[in-house]
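For reference, the structure discussed in these notes is given below.
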Amino acid sequence: MGSLVMKRQTFDHGVNVTEQVADQGERPLDLADKGQKSQKPVMEQTVALNDPAINQAWGFKKSEAAKAWEISKGSDRIVVAVIDTGADVDHEDLALNIWKNEGEVGVVQNDYCKGMPETKALSIKECNKSINGIDDDGNGFKDDVHGWNFVSNNGDLTDNHGHGTHIAGIVGAQAGNGKGIAGIAPNVSLMVLKYFDPKVPNTDNLKNTIESIRYAIKMKANIINYSGGGTEFSAEEKAAIQEARNQGILFVAAAGNERSNSDHHKYYPADYGLDNIISVTAIDPKTEVLSSSNYGVETVDLAAPGQNILSTLPGSNYGYMTGTSQATAFVTGAAVLVMAHHTDFSVGQVKKYVLSTGDSNAALIAKTRTSRRLNLYKALTMLDAGVTASGVASASSTQSYTMDAGQGMEPTSKIATFGKSLMDALGGESNAGNRLGETQ
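In the numbering used here, the protein residues as written are 12 to 451.
This is how it looks when you write it as structure tokens:
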């Protein structure tokens, strides 16, 4: 199945038909627990991989997610806006990680509603902010509890395609709950913004995309995941992403499934060239770029798992999809982990640590800007690892040298020395770590 052509946009939904997860035969694997959902558990530092289908998630292993979780599993304070086909917000593996607009939940604070038990008040439409048809928080959207449907202009986030639910699961399905799979960032808040619905033809999906970005900005998302795109340049869309950048929002975008070199055949929004955008292509288990995926040494930043990726589907189901859409969700999850571990990082720093710490891969040299594939563990350990200075020089003839110094990969100053040995300049230690940035 190729890309689904829409008005202006090409929906990057992958190239394989979605399959149900099989359990010893053709019967679909039913991973649902029909009982009452419990409260969101506190994640322990020791990772317990008791999610039944986790062993089928090759991308989880390839990107070293389990090791990364020993350092960071994300934070529900980090909001990811998933701009897609909607999502199953009641899915057993997603429900507790779905973002809530606190201004649109709870009991209406008037004398009538406050004068009764909360349970009763919430059962009455005019007393329940979530369903009262009023814009309680004054943001211009009525009952936008978990996000907004820009196709139908309401709060119904029903996913009639399955793609959005699949992407949401890769980013942030719960972990350690004994159900289904685990997302890359199992602690996160997923804001659902619906810009496309296959059941609603002749929709201006570009307009919906732009409005979704603006909503994410208004409601203070930290990251936007956009697993779609097209070949039409839009100054308005670019400006919206630039404004997101100005508000400290990272934009992770699919490179596209057009089988083309994006250096010559642009694919937007991934190719707008803004410094808050990460453009992602897809690799298979052998770490080779998929033949269906776009590539480009000047335009595509990073590769991530994208073939036969197992994730959530509507109705508390699970299945496989393939494409740069799925790879994009992996990178979004990585950004969540980095943000949670380094809470003072700028968007630029988060981007650099995700890109620069990936595993070098010869197969990616002519395919991406970094020649790297995602490694979650390395993205989290770069700062803590220290910096080793090494080299060979003739001490008698060396007159001077210059060293960039600063924290991690962000050099902030230069140390220029004359007539000293390198060891003297480093304070007598050849592995000085982040102390190189502590200039006197």
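Even for Gly, the Cβ is constructed at its ideal location relative to N, Cα and C. As the structure is a prediction and not an experimental result, all values here were calculated from the model.
Validate contact between the segment 188–195 and the segment 317–329 using beta carbons, cut 8 Å, 3 pairs
With the cut-off at 8 Å, the segment 188–195 and the segment 317–329 touch.
Closer than 8 Å is the cut-off here; do at least three beta carbon pairs connect the segment 355–375 with the segment 202–213?
No, the segment 355–375 does not touch the segment 202–213.
Specify, as a first and last residue, the run of the beta strand (DSSP E) that Phe262 falls within.
Under the DSSP assignment, Phe262 falls in the beta strand (DSSP E) whose first and last residues are Leu261 to Ala265.
Given Glu309, which residues of its chain have a CB within under 6 Å of its CB, disregarding the five upstream and five downstream residues?
Excluding sequence positions up to five before and after Glu309, its CB lies within less than 6 Å of the CB of Asp274, all in the same chain and listed in chain order.
Are there 16 or more other CB atoms within 10 angstroms of the CB of Pro197, so buried, or fewer, so exposed?
Within 10 angstroms of the beta-carbon of Pro197 lie 16 or more other beta-carbons, which makes it buried.
Using 8 Å as the threshold, is the C-beta distance between Val199 and Val291 below it?
Judged by their CB atoms, Val199 and Val291 are not nearer to each other than the 8 Å cut-off.
Applying the 10 Å Cβ sphere with the 16-neighbour rule, what's the burial state of Glu115?
Label assigned to Glu115: buried.
Inter-residue Cα distance where the pair is Ser304 and Ile145
Cα-Cα distance, rounded: 44 Å.
Those residues which DSSP pairs with Arg383 across a bridge
Bridge partners of Arg383: Ser371.
Which listed residue (Leu217, Asp312 and Asp170) has its alpha carbon closest to that of Phe244
Taking the Cα of Phe244 as reference, the smallest distance to any Cα among Leu217, Asp312 and Asp170 is reached at Leu217.
Which word fits Pro296, buried or exposed, when buried means at least 16 other C-beta atoms lie within 10 angstroms of its C-beta?
Pro296 is classed as exposed because its beta carbon has fewer than 16 other beta carbons within 10 Å across all chains shown.
Where does Arg270 fall in DSSP's three states?
Coil, per DSSP.
Local conformation of Tyr364 per DSSP, three classes
Correct three-state label for Tyr364: helix.
Note the first and the last residue of the continuous beta strand (DSSP E) segment covering Met202.
Counting along the chain, the beta strand (DSSP E) containing Met202 begins and ends at Asn198 to Lys205.
With a threshold of 16 other CB atoms inside 10 Å of the CB of Thr368, please say whether the residue is buried or exposed.
Looking at its Cβ environment, which holds 16 or more other Cβ atoms inside 10 Å, Thr368 is buried.
Is the Cβ-Cβ distance between Phe161 and Ser83 less than 8 Å?
Not a contact, by the Cβ cut-off of 8 Å.
Beta-carbon separation of Ala264 and Ala281 under 8 Å?
Yes. Within cutoff.
Classify Met332 as helix, strand or coil using the three-state DSSP reduction.
Reduced to three states, the DSSP call for Met332 is strand.
Nearest to Trp80 by alpha carbon, out of Ala351, Ile221, Gln258 and Met202?
Put simply, of Ala351, Ile221, Gln258 and Met202 the residue whose alpha carbon is nearest the alpha carbon of Trp80 is Ala351.
Taking the alpha carbon of Gly187 as the reference point, which residue from Glu103, Ala98, Tyr283 and Tyr329 has its own alpha carbon closest?
Measuring from the Cα of Gly187, the nearest candidate turns out to be Glu103.
Is DSSP giving Gly97 helix, strand or coil here?
Gly97 falls in the coil class under three-state DSSP.
Hey, would you say Ile181 sits closer than 8 Å to Gly344, going by beta carbons?
Their beta carbons are under 8 Å apart, which means Ile181 touches Gly344 by this criterion.
DSSP three-state assignment for Tyr226, whether helix, strand or coil:
Collapsing the DSSP output to three states places Tyr226 in a helix.
Sub-8 Å separation of Thr347 and Gly85 beta-carbons:
First, the amino acid is wrong: residue 347 is Val here, not Thr. Taking the C-beta atoms as reference points, Gly85 is found nearer than 8 Å to Val347.
Would you list the one or two residues that DSSP bridges to Ala315?
Answer is Ala293, bridged to Ala315.
DSSP three-state call for Ala246: helix, strand or coil?
In the structure shown, Ala246 falls within a helical segment according to DSSP collapsed to helix, strand and coil.
Lys72 and Tyr388 closer than 8 Å at C-beta
No, the Cβ-Cβ distance between Lys72 and Tyr388 is not below 8 Å.
Spatial neighbours of Gly183 within its chain, please: C-beta separation below 6 Å, excluding the five flanking residues on both sides.
Contacts found: Asn108, Gly194, Ala196, Val199 and Leu201.
Under 8 Å, do Ile252 and Tyr278 count as touching if we go by C-beta distance?
At a Cβ-Cβ threshold of 8 Å, Ile252 and Tyr278 do not count as neighbours.
Can you give me the start and stop residues for the alpha helix (DSSP H) that Trp69 sits inside?
Per DSSP, Trp69 belongs to the alpha helix (DSSP H) from Trp69 to Lys73.
Mapping the DSSP letters down to three states, classify Leu107 as helix, strand or coil.
DSSP places Leu107 within a helical segment (H, G or I) once states are collapsed to three.
Considering only C-alpha positions, which residue in the set Gly267, Trp159 and Asn66 is nearest to Gly240?
When only C-alpha atoms are compared, the closest one is Gly267.
Using the rule of at least 16 other Cβ atoms within 10 Å of the residue's Cβ for burial, across every protein chain shown, is Glu113 buried or exposed?
Counting Cβ neighbours within 10 Å, Glu113 comes out exposed, since fewer than 16 surround it.
Can you give the Cα-Cα distance for Val349 and His172, rounded to whole angstroms?
C-alpha separation (whole angstroms): 30 Å.
Based on DSSP bridge pairs, tell me the residues matched to Trp159.
According to DSSP, Trp159 bridges with Leu204.
How would you write the range of the beta strand (DSSP E) that Leu133 sits in, first residue to last?
Per DSSP, Leu133 belongs to no beta strand (DSSP E); it is in the alpha helix (DSSP H), Glu129 to Leu133.
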